[in-house]
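One structure is given below, encoded as structure tokens.
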Ligand code: GMT
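Residue numbers (this note's numbering): 247 to 640.
Set out below in structure tokens:
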């Protein structure tokens, strides 16, 4: 199969009919699933998104893209409505109505399990192949819980193909679930480096830092794993040395703790909480340093988005982050919780223009050379064709 560098051109083979299921709300797995589906549609495939809400990156009309909402009956007996079953029915419905050949599900629970149920509900000659992409806490946290562990393992084992977004996540899947790592393909997350770039308008730098201050930025869903209070702590140390503003993008359970800590430290007027944002590339291109002090990340898509915008990253050396951020080249990596070292690293970048320029260029280069959409989407497409043909990924 001839591969092409064309942004929209298919590598080869007949167009496919693909179903995609993911979490539709803000989060890296939903963003990746949607971008992948849209890229596949641009390459000529028919793509059906099946979820309880329209994925947040799915806006506007695009040819060959369809969205099917999962219908749920709100019956008083259901204290916990069985979404997994409703999803299985919606997937089965899409398989039968649109003759889907593949279901690509993102985040194992419950999507892989529902997909397997949907497959079994379909007559043998029309059963689709199931591809499961592991994203992070489906393996490292949620899937570890005794109530989910066995069904997570079973759903991975029964999938026709399994991918993980980093080598770290593949290895964790082997270590924690006893699944042979050779059966899991590592296909990293990707980025549209044409969209996520620095030299484009709009840039809101003057609005975010009206007195010409440096800008630190953090983007996440503010869950405990992101350690957003550490972002405030790092900022506190940096702002006492260099005029700086902090822009916090996103929303979630830890937002009020972070806001309270900023107020406690007397930083409230220099930290802006923007809430969830649709087009983070417009913000990331104004940032001088991106902070990601997570407890764990299987990949760290937000760091890649920043790097593509030429923003150096200061992060923790945990999980799959070192597969994305190269220490001392595209930013700095430190142990979890070491806010003093993260502040020092941030200051080293902010106070040395030559270093900033070098890291900014290196960050952009790594994003382009290793994670551009045109390099990664063909790998998924190849996997699709090979899974349909029943063979391994070559
Ligand atoms: O696994 C999660 O916590 C959710 C998921 C998401 O939907 O945001 O995040 C994971 O998947 C992203 C996309 O592949 C990765 O960039 C994140 O690193 C990963 N999060 C964690 O591992 C905590």
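Just so you know, even glycine gets a beta-carbon here, dropped at the ideal spot from N, CA and C.
Here the structure is a predicted model, which means the values were calculated and not measured.
Our contact map puts residue i next to residue j with C-beta atoms below 8 Å; I'd like the distance itself, whole angstroms only.
{"i": "residue 329", "j": "residue 356", "result": "7 Å"}
{"i": "residue 348", "j": "residue 433", "result": "At roughly 15 Å, the Cβ-Cβ gap does not stay under 8 Å, so residue 348 and residue 433 are not in contact."}
{"i": "residue 493", "j": "residue 453", "result": "About 10 Å separates the two Cβ atoms, so there is no contact after all."}
{"i": "residue 334", "j": "residue 360", "result": "4 Å"}
{"i": "residue 311", "j": "residue 293", "result": "5 Å"}
{"i": "residue 266", "j": "residue 326", "result": "Between residue 326 and residue 266 the Cβ distance is about 25 Å, and since that is not below 8 Å, they are no contact."}
{"i": "residue 540", "j": "residue 472", "result": "5 Å"}
{"i": "residue 358", "j": "residue 629", "result": "Actually they are not in contact, since the Cβ atoms of residue 358 and residue 629 sit about 15 Å apart, beyond 8 Å."}
{"i": "residue 634", "j": "residue 289", "result": "Between residue 289 and residue 634 the Cβ distance is about 15 Å, and since that is not below 8 Å, they are no contact."}
Please work out which residues of its chain come closer than 8 Å, Cβ to Cβ, to residue i, disregarding the five sequence neighbours upstream and downstream, and give them in chain order.
{"i": "residue 273", "result": "467"}
{"i": "residue 411", "result": "278, 379, 380, 381, 382, 432, 433, 434, 435, 544, 545 and 566"}
{"i": "residue 606", "result": "444, 556, 557 and 558"}
{"i": "residue 281", "result": "303, 436, 438 and 619"}
{"i": "residue 518", "result": "454, 491, 492, 493 and 494"}
Roughly how many angstroms lie between the CA atoms of residue i and residue j, to the nearest whole one?
{"i": "residue 392", "j": "residue 354", "result": "15 Å"}
{"i": "residue 622", "j": "residue 512", "result": "44 Å"}
{"i": "residue 567", "j": "residue 331", "result": "35 Å"}
{"i": "residue 585", "j": "residue 530", "result": "22 Å"}
{"i": "residue 564", "j": "residue 510", "result": "29 Å"}
{"i": "residue 590", "j": "residue 515", "result": "23 Å"}
{"i": "residue 426", "j": "residue 597", "result": "47 Å"}
{"i": "residue 532", "j": "residue 365", "result": "46 Å"}
{"i": "residue 626", "j": "residue 286", "result": "9 Å"}
{"i": "residue 599", "j": "residue 593", "result": "11 Å"}
{"i": "residue 204", "j": "residue 320", "result": "This structure cannot speak to residue 204, because the chain is shown only from 247 to 640."}
{"i": "residue 318", "j": "residue 306", "result": "25 Å"}
{"i": "residue 484", "j": "residue 304", "result": "37 Å"}
{"i": "residue 430", "j": "residue 506", "result": "43 Å"}
Name, in chain order, the residues that DSSP records as bridge partners for residue i.
{"i": "residue 263", "result": "292"}
{"i": "residue 609", "result": "Residue 609 pairs with nothing; no bridge assigned."}
{"i": "residue 380", "result": "410"}
{"i": "residue 561", "result": "538 and 579"}
{"i": "residue 464", "result": "494"}
{"i": "residue 430", "result": "408"}
{"i": "residue 618", "result": "437"}
Can you name, in chain order, every residue of its own chain whose Cβ lies under 6 Å from the Cβ of residue i, other than the five neighbours on each side?
{"i": "residue 575", "result": "608"}
{"i": "residue 455", "result": "461 and 491"}
{"i": "residue 547", "result": "274 and 435"}
{"i": "residue 631", "result": "259"}
{"i": "residue 367", "result": "338"}
{"i": "residue 423", "result": "399"}
{"i": "residue 474", "result": "468, 500 and 504"}
{"i": "residue 521", "result": "497"}
Please return the same chain residues whose Cβ sits closer than 7 Å to the Cβ of residue i, not counting the five positions on each side in sequence.
{"i": "residue 549", "result": "536, 538, 559, 561, 567, 570 and 571"}
{"i": "residue 389", "result": "354, 355, 395 and 398"}
{"i": "residue 373", "result": "365"}
{"i": "residue 417", "result": "427"}
{"i": "residue 613", "result": "437, 439, 550, 553 and 554"}
{"i": "residue 404", "result": "362"}
{"i": "residue 542", "result": "386, 471, 564 and 565"}
Continuous beta strand (DSSP E) assignments of at least 3 residues falling wholly in the region 467-538: 490-495, 517-521 and 535-538
Mind listing, in chain order, the continuous beta strand (DSSP E) runs of no fewer than 3 residues lying wholly within the region 283-351? 292-297 and 311-315
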